[in-house]
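Novice:
Protein chains: 2
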Amino acid sequence: MATVSVREVAARAGVSVGTVSNVLNRPGKVSPATVERVQTAISALGFVRNDAARRLRAGRSRSIGLVVLDVANPFFTDVACGAEDRAAEEGLTLLLGNSDENIDRESAYLDLFEEQRVHGVLISPLGEVGDRLMRLRARGTPTVPVDRQTAVHSFSSVAVDDVAGGHLAAEHLASIGRTRIAFVGGLQSIRQVADRLEGARQAVREHPNVSLEVISTESLSVLQGRFVGEQLRARDPVDRPDAVFAANDLLAIGVLQALSMLGDVRVPEDVALIGYDDIAFAAAAIVPLSSIHQPSALIGHTAVDLLLREATGGDDFVHEQIEFQPELIVRESTAG
Amino acid sequence: MATVSVREVAARAGVSVGTVSNVLNRPGKVSPATVERVQTAISALGFVRNDAARRLRAGRSRSIGLVVLDVANPFFTDVACGAEDRAAEEGLTLLLGNSDENIDRESAYLDLFEEQRVHGVLISPLGEVGDRLMRLRARGTPTVPVDRQTAVHSFSSVAVDDVAGGHLAAEHLASIGRTRIAFVGGLQSIRQVADRLEGARQAVREHPNVSLEVISTESLSVLQGRFVGEQLRARDPVDRPDAVFAANDLLAIGVLQALSMLGDVRVPEDVALIGYDDIAFAAAAIVPLSSIHQPSALIGHTAVDLLLREATGGDDFVHEQIEFQPELIVRESTAG
DNA sequence: CTCGTGTATTGAGTCGTTTCAATCTGCGGC
DNA sequence: GCCGCAGATTGAAACGACTCAATACACGAG
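If you read the protein sequences in the order shown, they are chains A and B.
Each residue of the first sequence is one higher than the one before, counting from 4 in our numbering.
Each residue of the second sequence is one higher than the one before, counting from 4 in our numbering.
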């Protein structure tokens, strides 16, 4: 199984390598008869372009990298789909990396993408990666955080106002008369989590009779949610919060499973529950889940847009921070 | 922003390019003092290896490609996570491509992966790709279908016995006394769908009083399921099936939403409902969803295993077909 | 002082594609 | 028959890391 290169195609078609390259990339520049002959040679030999070689020559690849916190979270796959669609319009491929809330994996993906000389990097950051991204960009790889980088105007970014979202959620819980709210989420180092908590704190401050308890988790998964739910269920009802605001829907669904599967804690009667992200499964949950909606696909779409602008813009380029507003979706889990 | 190459690092460190390469790849072969000097030069210049160049030389990349039918389906992200973990153990990267049940995109990803000279390709195929995969392999890219390639022993493959799964589901519906079963799924060209239907047909044949209606969908999404659910709801109750077997959980959840959101068709009293895949959200559905469980992460894990064996095995290599058995999970949606 | 041994380092050649200045070809106009 | 022009084709150089045969060097033994 000899590896076939342009050279062999050229020989077989009786033309030069330059012509083969032209057939591949600019068929218009080559006479129809020659195109025909070259095409025949290509399929006869089963020639497949070597991407590494063309990229080496080109200096940069035709793909963009996206690092997300958790591929198992539908919110991020939605973002990825939006990004992929927009990228495809430009003939770019999306490479999806899953940091899985692990800082080493996040770092490994950034390394990988840089070595691959990707067109640009989109990242939903786990920790403090500002410096890292600066360096990346300085070496020529534009970067767009999909996140709220407070007060950092040196990047373009796309984000949802998570403080506002957190406020919406907690305010809603207060508005239906709940007074002991628990915020469930972690890691605190994830800005989305910190901001949602901050928003909730602000809302609670506006209601003197409402208190906020913070329950930290190790990750934002269904499993962690179930774990917290079980702890809540085990508590004396007097000590139990009457409302839970989970930092995302996965956690909320986990909490919901633990509370209501065994039927002794009723949602929303005993505990009202609200999540965040409004994933497709929230509406179909055992108790349809109230949530904070984010335009996930649009976020991905916009992030790629910004990245492209960033890549073409010159030195005096003005970075754009786009921020979407979250939206409260009320369902049964916070009814009454 | 000059692009730094090994040559410049070598110059700065006062050594040859060969030595720099050795520091990068076989630090043991180089004296500690030299390693030190080279490392310093590398970080001073911000040198980043050019992956394209090394791959060109190496002939093959350190990644494997995975093409799935739908990233938005948690089943596939679970498979991907399993595959990624196993790949990471070998120092390989997983590239995730989403065909989105679109044959052109599937084809485009196969092209892309071949051009990238990936280590191997894992694919959950949409249509008939046997020929395509044969060619791929003939040119040196091993391939493992994550699918049941009936009677094709020329590939290693990993799959779940979908006929058995379909049988389990339909048999279960019959066993709880349902007689008018509707199978909801499509496209028929997807082997998983066809096999599940076939299994259901077999089960129904064993029960003379049970009938099977087939409702085709255009894809396997929540939206399509909701669409079908609305049609069912609109039917005269006499014409309505008393059980629905959906080809996957997304469809089932869609059907469930349409039937029960408006409260006039009760699940399982009026219509029993069973899905397939047992995704994490099935257990948390508004009516906890019965389903057919598949060991998703293990599937991904095993697929990578097989791929690695395929890649190292010689010509007399015996392809292995691994088939997992599905498992019935009964929840409320088929209670009574 | 020479030889042998083993370790450290060198650097030209290679991978396959693209680019682009140079060359070729055919043809109409004069 | 010659000139000029446009379109088609050519082929060598370049991209950057890796390999490996060759070389340099150090040191101990004889």
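We put the CB at the ideal spot given by N, CA and C, even for glycine.
Residues in the same chain with beta-carbon distance under 6 Å from L136 of chain B, minus the five sequence neighbours each way, listed in chain order, please.
Specialist: Closer than 6 Å at the Cβ level, and outside the excluded window around L136 of chain B, lie T146.
Novice: Is G188 of chain B helix, strand or coil when you go by DSSP?
Specialist: Looking at G188 of chain B - three-state DSSP - the assignment turns out to be strand.
Novice: Under 8 Å between the Cβ atoms of L262 of chain A and R238 of chain A?
Specialist: Their beta carbons are not under 8 Å apart, which means L262 of chain A does not touch R238 of chain A by this criterion.
Novice: In the stretch 218–272 of chain A, which residue ranges form an unbroken beta strand (DSSP E) of at least 3 residues, counting only runs that do not cross its ends?
Specialist: For the stretch 218–272 of chain A, whole beta strand (DSSP E) runs of length 3 or above, ordered along the chain, are 246–249.
Novice: Given the structure, does D267 of chain A come close to the ligand FAD, in the sense that its CB is under 7 Å from one of the ligand's heavy atoms?
Specialist: This structure lacks the ligand FAD, and indeed carries no ligand of any kind.
Novice: Mind checking the stretch 243–262 of chain A against chain B and listing, in chain order, the residues whose C-beta falls within less than 7 Å of any C-beta there?
Specialist: So the list reads I256, L259 and Q260, given in the order they occur along the chain.
Novice: Report the residues of the stretch 45–56 of chain B with a CB closer than 9 Å to any CB of chain A, ordered along the chain.
Specialist: Listed by position along the chain: G49, V51, R52, N53, D54, A55 and A56.
Novice: Can you name the residues of chain B whose CB is closer than 8 Å to the CB of D280 of chain A?
Specialist: Going along chain B, no residue has its Cβ under 8 Å from D280 of chain A, so there is no contact; the nearest lies around 13 Å.
Novice: Considering A14 of chain B, what are the terminal residues of the alpha helix (DSSP H) in which it resides?
Specialist: A14 of chain B -> alpha helix (DSSP H) spans V9 to A16.
Novice: The alpha helix (DSSP H) with L139 of chain B in it runs from where to where?
Specialist: Looking at the DSSP string, the run of the alpha helix (DSSP H) that includes L139 of chain B is G133 to A141.
Novice: Can you tell me whether DSSP reads S46 of chain B as helix, strand or coil?
Specialist: DSSP places S46 of chain B in helix when its eight states are reduced to three.
Novice: Is the Cβ of F284 of chain B closer than 8 Å to any Cβ of chain A?
Specialist: With 8 Å as the cut-off, F284 of chain B counts as an interface residue toward chain A.
Novice: Distance check for Y112 of chain B and V225 of chain B, CA to CA, integer angstroms please.
Specialist: Using only the alpha carbons, I get a separation of about 25 Å.
Novice: May I ask you to list, following chain order, the residues of the stretch 73–93 of chain B that have a beta carbon less than 8 Å from some beta carbon of chain A?
Specialist: Hits within the stretch, in order: V74, A75, P77, T80, D81, A83, C84 and E87.
Novice: Whole angstroms are fine: how far does the CA of P298 of chain A sit from the CA of F327 of chain A?
Specialist: Each residue's alpha carbon lies about 8 Å from the other.
Novice: Could you tell me if G2 of chain B is buried or exposed, where buried requires 16 or more neighbouring beta carbons within 10 angstroms of its beta carbon?
Specialist: Past the edges of chain B, shown from 4 to 339, lies residue 2 of chain B, and the structure says nothing about it.
Novice: On the three-state DSSP scale, how would you describe R183 of chain A?
Specialist: Three-state DSSP puts R183 of chain A in a strand.
Novice: In this structure, how does DSSP classify A338 of chain B when only helix, strand and coil are distinguished?
Specialist: Here A338 of chain B sits in coil by DSSP.
Novice: Taking the Cβ atom as the reference point for each residue, do Q324 of chain B and S159 of chain B lie within a distance shorter than 8 Å?
Specialist: Against a cut-off of 8 Å, the Cβ pair of S159 of chain B and Q324 of chain B comes out as a contact.
Novice: Kindly indicate which residue of B:L48, B:A173 and B:P240 has the alpha-carbon position closest to the one of A16 of chain B.
Specialist: The residue with the shortest Cα to Cα distance from A16 of chain B is B:L48.
Novice: Report the neighbours of P30 of chain B on chain A: residues whose CB is nearer than 9 Å to its CB, in chain order.
Specialist: Residues of chain A passing the Cβ test: none, with the nearest at roughly 17 Å.
Novice: With DSSP collapsed to three states, give me the class of D280 of chain A.
Specialist: Reduced to three states, the DSSP call for D280 of chain A is strand.
Novice: Under the rule that 16 or more other beta-carbon atoms within 10 Å means buried, what is F320 of chain B, buried or exposed?
Specialist: Counting Cβ neighbours within 10 Å, F320 of chain B comes out exposed, since fewer than 16 surround it.
Novice: Thinking C-beta only, is D165 of chain B closer than 8 Å to R199 of chain B?
Specialist: Yes.
Novice: From this set, B:T6, B:D134 and B:A173, which residue's C-alpha is nearest Q205 of chain B's C-alpha?
Specialist: Among B:T6, B:D134 and B:A173, the Cα nearest to that of Q205 of chain B belongs to B:A173.
Novice: So if I threshold CB-CB distances at 8 Å, which residues from the stretch 315–336 of chain B count as touching chain A?
Specialist: If the cut-off is 8 Å between Cβ atoms, the stretch 315–336 of chain B has nothing near chain A.
Novice: Taking Cβ positions, are E335 of chain B and V290 of chain B nearer each other than 8 Å?
Specialist: Yes.
Novice: Taking Q260 of chain A as the reference, which of A:F230, A:D273, A:Y279 and A:D242 has the closest Cα?
Specialist: Of A:F230, A:D273, A:Y279 and A:D242, the residue nearest in Cα terms is A:F230.
Novice: For G123 of chain B, count neighbouring C-beta atoms within 10 Å of its own C-beta (all shown protein chains included) and say buried if the count is 16 or more, exposed if not.
Specialist: Buried: at least 16 other Cβ atoms inside 10 Å.
Novice: What do you get for V241 of chain B, buried or exposed, if any count of 16 or more other CB atoms within 10 angstroms of its CB means buried?
Specialist: The residue is exposed, with fewer than 16 neighbouring Cβ atoms inside 10 Å.
Novice: Using the Cα positions of D281 of chain B and L331 of chain B, report the straight-line distance between them to the nearest angstrom.
Specialist: About 9 Å.
Novice: Taking S66 of chain A as part of the beta strand (DSSP E), name the residues at either end of that continuous run.
Specialist: Its beta strand (DSSP E) spans residues S66 to V71.
Novice: From the beta carbon of P35 of chain A, is the nearest beta carbon of chain B less than 8 Å away?
Specialist: With 8 Å as the cut-off, P35 of chain A does not count as an interface residue toward chain B.
Novice: Between N101 of chain B and chain A, is any beta-carbon pair separated by less than 8 Å?
Specialist: For N101 of chain B, the answer is yes, since a Cβ of chain A falls inside 8 Å of its Cβ.
Novice: Near R140 of chain A, what residues of its chain come up, given a Cβ to Cβ distance below 7 Å and the 5 sequence neighbours on each side ignored?
Specialist: Within the same chain, R140 of chain A has close Cβ partners T146.
Novice: If you pair each beta-carbon of the stretch 298–308 of chain A with each one of the stretch 268–275 of chain A, do three or more pairs fall below 8 Å?
Specialist: No contact exists between the stretch 298–308 of chain A and the stretch 268–275 of chain A.
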